[in-house]
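Q: From first to last, the protein sequence lines are chains R and Y. Sequential numbering from 59 applies to the first sequence in the numbering used here. Sequential numbering from 8 applies to the second sequence in the numbering used here. All residues carry an ideal CB built from backbone N, CA and C; glycine is no exception. Submitted below is the structure of interest, expressed as structure tokens.
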Amino acid sequence: MIDFELTPIMKMAREFTHNYARDVMRPISRKYDEEEHVEPTEFIQKTHEMFSSLGFSFSTARASEEAEKSEEKKEKHDRPKMEMNLLGAIAIEELAWGCPGLTLRIPGPGLGGAAIMAAGTPEQKKRFMKILTGSKPSYGAMALTEPGFGSDASAVSTTAVKDGDYYILNGTKIFVTGGDMADLYVVWATLGKELGRAGIRAFVVEKGTPGLKIARLEHKLGIRASDTAEIVLEDCRVHKDNLLGGEKKEEKGFKGAMQTFDATRPMVAAMAIGIARAAYDYIYDDLVIKGGLEINYGKSLHKRGYVETVLEDMEAKIDAARLLTWKAAWMLDHNLPNLKEASMAKAKAGTIVDEITQKAIELYGPEGYSRRHLLEKWMRDAKVYDVFEGTGQIQRLVVARAILDYTRKELK
Amino acid sequence: MVSFELSEEQTLLRDTCRDFALTVMRKHDRQADESGEIPADVIKQGHELGLTTGYIPEAYGGAGGELSAINNVIVLEELAYGNLSMTINILAPSLLNIPVLMYGTEEQKKKYLTMNKPDQFQGFTSAIVEPSVRFDLESLKTTAKDEGDDFVLNGQKAFVPIADSSLATLVFARKGSGEGLAGIDGYILPAGGFTITEREKNQGLRALKQFTISLDGARVPKNEALKLSGGFVNLLTRARVASIALVTGVCRAAYEYALAYAKERVAFGEPIASRQSIAFTLAEMAIEIDAMRLMAWRTAWMIDKGMDAYKEASMGKRYAADAAMFITRNATQILGGHGFTREHPVEMWYRDARVFAVSEFLAIV
Chain R
59 MIDFELTPIM KMAREFTHNY ARDVMRPISR KYDEEEHVEP TEFIQKTHEM FSSLGFSFST
119 ARASEEAEKS EEKKEKHDRP KMEMNLLGAI AIEELAWGCP GLTLRIPGPG LGGAAIMAAG
179 TPEQKKRFMK ILTGSKPSYG AMALTEPGFG SDASAVSTTA VKDGDYYILN GTKIFVTGGD
239 MADLYVVWAT LGKELGRAGI RAFVVEKGTP GLKIARLEHK LGIRASDTAE IVLEDCRVHK
299 DNLLGGEKKE EKGFKGAMQT FDATRPMVAA MAIGIARAAY DYIYDDLVIK GGLEINYGKS
359 LHKRGYVETV LEDMEAKIDA ARLLTWKAAW MLDHNLPNLK EASMAKAKAG TIVDEITQKA
419 IELYGPEGYS RRHLLEKWMR DAKVYDVFEG TGQIQRLVVA RAILDYTRKE LK
Chain Y
8 MVSFELSEEQ TLLRDTCRDF ALTVMRKHDR QADESGEIPA DVIKQGHELG LTTGYIPEAY
68 GGAGGELSAI NNVIVLEELA YGNLSMTINI LAPSLLNIPV LMYGTEEQKK KYLTMNKPDQ
128 FQGFTSAIVE PSVRFDLESL KTTAKDEGDD FVLNGQKAFV PIADSSLATL VFARKGSGEG
188 LAGIDGYILP AGGFTITERE KNQGLRALKQ FTISLDGARV PKNEALKLSG GFVNLLTRAR
248 VASIALVTGV CRAAYEYALA YAKERVAFGE PIASRQSIAF TLAEMAIEID AMRLMAWRTA
308 WMIDKGMDAY KEASMGKRYA ADAAMFITRN ATQILGGHGF TREHPVEMWY RDARVFAVSE
368 FLAIV
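Below you can see the structure in the form of structure tokens.
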């Protein structure tokens, strides 16, 4: 039965995260944009405590629920107790509204955790999630991209060579979100180029493992509060128990990496929507609340002004992207294949966030270009949402293959 | 609790309508567009689906089902996926039935709702748009003057569907002069109660008989006035939601056709769909269609929950009408020169889709 009513816990989560974003994140948002690479230590600690004590940190709750679920027998039509992906999308939109860079700094399982949940054995999920959901702030990073490839994840050249009970990893990983502070890294490596995609596997490398080092931090256009690291693996020895999915389950390798995106793309889309809404709200406050402009929804176009229709267009785009995102998250919550829908949401949100943040500056005038206001920051932050977790082009490729029922070979 | 899943009943409803759209409506769509005539049998069969009588209470001879906006948007998308002109014709009785059901007096309900027959199409319609450049609902010009026992209607209406064959027409007018939506009420005129000026000749919707009519001081007894008490905006909301669903259906038709064509059509030794320029366009179309449908669902859900959905319906209609141009234009483009010919239906969907940005009350949920 089609329904758009949020559960009480979703409403509560939305209100809480919104207030947190407004009262805690917004006031320090500019500071950590200007001071790139300075760790927002107090924010990390405070946020961790806040979410832990409240007990509904979406990522933590999701991780523990998933771990619990994977131990139970899989029953058909078993409705999840809590719709963690939808809840997550709702909460993260609010946090990104506060500051997208700081949102990415919030401790939790992160992308590494998502990869573990997608590709790990029940034992591994339990073991690593314990680390990522403990009492200290912790973070799980995903190390997939290399200097030689971005979108084409099958081109992994980091090697994993078996040596007794261990694998020896060698290679360089870039664009590792939160790579400076991670407690564990999910590193994608190949067991042998000749094996193709089947040879690509993920290894959990814990912080402090000899041979793992942070080479440098990126200087970025936006989301500067979140550090992006280059890591180097030099004869880094990892125990075979850290090979996600175990040694035999070959099919979980590359597919596992891709499945991670089914869960993360709706979240990234939701963040993009949060940024778009931040920019929209900012100019709405100036033009409508303070400036007295009326948005005459439904009136004839010839009786309306340009600016009010631009505002309406922005709102409609945000609405469209959010509905797509909720649907993609909801599908995952209900164990429905959402590969296409996750990419649809990400493609749409990644596009509209650029459009809206750009236009908002124009409507604000010269002042919108000034770093006195956050508008210019949001436009910079926005750009990465059409890039990371798969570029807009990759999302369209995924959607196109799905609707055309084409293989990778049929649609390159 | 959020859900994007159709109930069993809704799935059945959707499948029934989809089947009718593909097996009946599509068989006649081009012929109907060229000739300006919808075969009577198509209307009869469409009527027998019970979509305009299902929600009429048993006391007035209907099936006694609930009036569900969400069920109606599911129906509208599927039927418009078949053919827009036929959909508007088949569902035209609701343009009178639903306002009467919502705002009519007991006497009006008895009189008009019972005139609907489940096994026989009886024409009913409503007249709202006026033949003025830059027509604007807020400044609706048709007036209803209070003259003792009657209201006297003056003005002209345009794009009135099936005005020539309707047993009753609900004319929207305002008392005296003025602006805004709040002062608009309905007035029910019998067949022959107004002059038909001419049949409309439109860019699209060519199969649908639409007319300009002249009211020429038509007298409407007071008991035939449908007093909306400011409720016009609710009807408008319901009509705009209907438009979002209709345009989603038209777009889906164009998208699916272009997609199938792109997989068949070979250029440079490969299906054109294997090129990103075509495939990405199709992906964009698919994304927009999903977004439009979700807007229709969400807004219909709001109506069923008793919420004020005027803003969402209006915003969604505008968004969808814009997206529809993108989708149908590109569907035509994907077929290249063939898309420009009348051998393929995409040019028809492109023309039909243009109506949504300009018209009102094509259907109601």
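Buried or exposed: where does Y/V365 fall if 16 or more other Cβ atoms within 10 Å of its Cβ makes it buried?
A: If you number the second sequence from 1, residue 365 of chain Y lands on position 358. It is exposed - the Cβ of Y/V365 has fewer than 16 other Cβ atoms within 10 Å.
Q: Which runs of the alpha helix (DSSP H) spanning at least 4 residues fall entirely within the region 165-196 of chain R, listed in chain order?
A: 168-177, 180-190
Q: Out of R/R259, R/F233, R/L227, R/K265, point me to the one whose CA is closest to R/Y243's CA.
A: For the purposes of this step, residue 243 of chain R is taken as residue 185 along the first sequence, with counting starting at 1. Checked all of R/R259, R/F233, R/L227, R/K265; the closest Cα to R/Y243 is R/K265.
Q: Ends of the beta strand (DSSP E) at Y/N433?
A: No answer is possible for residue 433 of chain Y: the residues shown for chain Y start at 8 and end at 372.
Q: Counting pairs of beta carbons, one from the region 228-242 of chain R and one from the region 202-215 of chain R, are three or more of them closer than 8 Å?
A: yes
Q: Are the beta-carbon atoms belonging to Y/N123 and Y/L222 less than 8 Å from one another?
A: The sequence position of residue 123 of chain Y within the second sequence is 116, counting from 1. The sequence position of residue 222 of chain Y within the second sequence is 215, counting from 1. Their beta carbons are not under 8 Å apart, which means Y/N123 does not touch Y/L222 by this criterion.
Q: By the 10 Å Cβ neighbour count, where 16 or more other Cβ atoms means buried, how is R/P195 classified, buried or exposed?
A: The residue labelled residue 195 of chain R in the question sits at position 137 within the first sequence. By the neighbour-count rule (16 or more Cβ atoms within 10 Å), R/P195 is buried.
Q: Contact criterion: CB-CB distance below 8 Å. Does R/T65 meet it with respect to chain Y?
A: Stepping through the first sequence from its first residue, residue 65 of chain R is reached at position 7. It does; some Cβ of chain Y falls within 8 Å.
Q: Is Y/V240 closer than 8 Å to Y/A195 when the C-beta atoms are compared?
A: Start at 1 with the first residue of the second sequence, and residue 195 of chain Y comes out as number 188. Start at 1 with the first residue of the second sequence, and residue 240 of chain Y comes out as number 233. Contrary to the premise, residue 195 of chain Y reads as Ile rather than Ala in this sequence. No. Outside cutoff.
Q: According to DSSP, Y/N161 sits in a beta bridge with which residue or residues?
A: Here the question's residue 161 of chain Y lines up with position 154 in the second sequence. Beta-bridge pairing links Y/N161 to Y/T150.
Q: Just checking: is the beta-carbon of R/I60 within a distance shorter than 8 Å of some beta-carbon in chain Y?
A: Stepping through the first sequence from its first residue, residue 60 of chain R is reached at position 2. Yes, contact with chain Y.
Q: Counting only C-beta atoms, is R/G208 closer than 8 Å to chain Y at any point?
A: Taking the first residue of the first sequence as 1, we reach residue 208 of chain R at position 150. Taking 8 Å as the CB threshold, R/G208 stays off the interface with chain Y.
Q: Helix or strand or just coil, what does DSSP make of R/A315?
A: Counted from its first residue, the first sequence places residue 315 of chain R at position 257. Residue state, collapsed to three classes: helix.
Q: Look at the alpha carbon of R/E276 and the alpha carbon of R/K441, and state the distance between them as a whole number of angstroms.
A: Within the first sequence, the letter at position 218 stands for residue 276 of chain R. Within the first sequence, the letter at position 383 stands for residue 441 of chain R. Distance between the alpha carbons of R/E276 and R/K441: 15 Å.
Q: Taking the runs of the alpha helix (DSSP H) that are 4 residues or longer, which of them lie wholly in the region 309-379 of chain R?
A: 310-342
Q: Using DSSP with H/G/I as helix, E/B as strand and the rest coil, what is Y/E367?
A: Translated into the one-based positions of the second sequence, residue 367 of chain Y becomes position 360. Collapsing the DSSP output to three states places Y/E367 in coil.
Q: Ignore the nearest five residues each way along the sequence and tell me which others in Y/A66's own chain have a CB closer than 7 Å to its CB.
A: Taking the second sequence and counting its residues from 1, the one referred to as residue 66 of chain Y is at position 59. Contacts found: none.
Q: What are the start and end residues of the alpha helix (DSSP H) that includes R/L160?
A: Along the first sequence, one-based indexing puts residue 160 of chain R at 102. That run of the alpha helix (DSSP H) goes 158-163.
Q: Given a threshold of 16 other Cβ atoms within 10 Å of its Cβ, counted over all protein chains shown, does R/I347 qualify as buried or as exposed?
A: Here the question's residue 347 of chain R lines up with position 289 in the first sequence. Exposed, because fewer than 16 other Cβ atoms sit within 10 Å of the Cβ of R/I347.
Q: Please give the ranges of any alpha helix (DSSP H) in the region 26-102 of chain Y, keeping only runs that are unbroken, at least 4 residues long and fully inside the region.
A: 33-42, 47-54, 76-89, 91-98
Q: How is R/K265 classed by DSSP in three states: helix, strand or coil?
A: Counting from one through the first sequence, the residue named residue 265 of chain R turns up at place 207. In the structure shown, R/K265 sits in coil (DSSP, three-state: anything other than H, G, I, E or B).
Q: Can you name, in chain order, every residue of its own chain whose Cβ lies under 7 Å from the Cβ of Y/K378, other than the five neighbours on each side?
A: Outside the displayed range of chain Y (8 to 372) lies residue 378 of chain Y, so it cannot be described from this structure.
Q: Just the Cα atoms here: how many angstroms apart are Y/A293 and R/S284?
A: Your numbering for residue 293 of chain Y matches position 286 in the second sequence. Your numbering for residue 284 of chain R matches position 226 in the first sequence. C-alpha separation (whole angstroms): 33 Å.
Q: Answer with yes or no whether the minimum CB distance from R/I376 to chain Y is below 8 Å.
A: As a working mapping, residue 376 of chain R is identified with position 318 in the first sequence. Taking Cβ atoms only, chain Y never reaches closer than 8 Å to R/I376, which makes this a no.
Q: Tell me the rounded alpha-carbon separation between Y/I63 and Y/P46.
A: Start at 1 with the first residue of the second sequence, and residue 63 of chain Y comes out as number 56. Start at 1 with the first residue of the second sequence, and residue 46 of chain Y comes out as number 39. Y/I63 and Y/P46: Cα-Cα distance of roughly 26 Å.
Q: Who are the neighbours of R/I461 on chain Y, taking C-beta pairs under 7 Å?
A: If you number the first sequence from 1, residue 461 of chain R lands on position 403. Result: L266, L289, A290, A293.
Q: Should Y/A134 and Y/K182 be called a contact, given that it needs their Cβ atoms to be closer than 8 Å?
A: For this step, residue 134 of chain Y is matched to residue 127 along the second sequence. For this step, residue 182 of chain Y is matched to residue 175 along the second sequence. The Cβ atoms of Y/A134 and Y/K182 do not sit closer than 8 Å to each other.
Q: Following the continuous beta strand (DSSP E) through Y/N230, name the residue where it begins and the one where it ends.
A: What you label residue 230 of chain Y is simply residue 223 of the second sequence in a count that begins at 1. For Y/N230, no beta strand (DSSP E) encloses it, and the DSSP letter there is neither H nor E.
Q: Please report the straight-line C-alpha distance between Y/M302 and R/M142, rounded to a whole angstrom.
A: Taking the second sequence and counting its residues from 1, one reaches residue 302 of chain Y at position 295. Taking the first sequence and counting its residues from 1, one reaches residue 142 of chain R at position 84. Cα-Cα distance, rounded: 23 Å.
Q: Determine the DSSP secondary structure at Y/L13, reduced to helix, strand or coil.
A: Position 6 of the second sequence, counting from 1, holds the residue named residue 13 of chain Y. If DSSP states are grouped into helix, strand and coil, Y/L13 belongs with coil.
Q: Quick check: the Cα distance between Y/I285 and Y/A269, rounded to an integer number of angstroms?
A: On the second sequence, position 278 is the one that residue 285 of chain Y refers to. On the second sequence, position 262 is the one that residue 269 of chain Y refers to. So the alpha carbons of these two residues sit roughly 8 Å apart.
Q: Can you have a look at Y/K324 and say buried or exposed, based on whether 16 or more other CB atoms are within 10 angstroms of its CB?
A: What you label residue 324 of chain Y is simply residue 317 of the second sequence in a count that begins at 1. Buried.
Q: In angstroms with no decimal places, state the Cα-to-Cα distance between R/M329 and R/L433.
A: The residue you call residue 329 of chain R lines up with position 271 of the first sequence. The residue you call residue 433 of chain R lines up with position 375 of the first sequence. Roughly 16 Å separates the two Cα atoms.
Q: When burial is assigned at 16 or more other CB atoms within 10 Å of the CB, is Y/F275 buried or exposed?
A: Locating residue 275 of chain Y in the second sequence gives position 268, where the first residue counts as 1. It is exposed - the Cβ of Y/F275 has fewer than 16 other Cβ atoms within 10 Å.
Q: Nearest-angstrom Cα distance between R/Y422 and R/L153?
A: For the purposes of this step, residue 422 of chain R is taken as residue 364 along the first sequence, with counting starting at 1. For the purposes of this step, residue 153 of chain R is taken as residue 95 along the first sequence, with counting starting at 1. Approximately 23 Å between the Cα atoms of the pair.
Q: Cα separation between R/D34 and R/W436?
A: Outside the modelled stretch of chain R, which goes from 59 to 470, sits residue 34 of chain R, for which no answer is possible.
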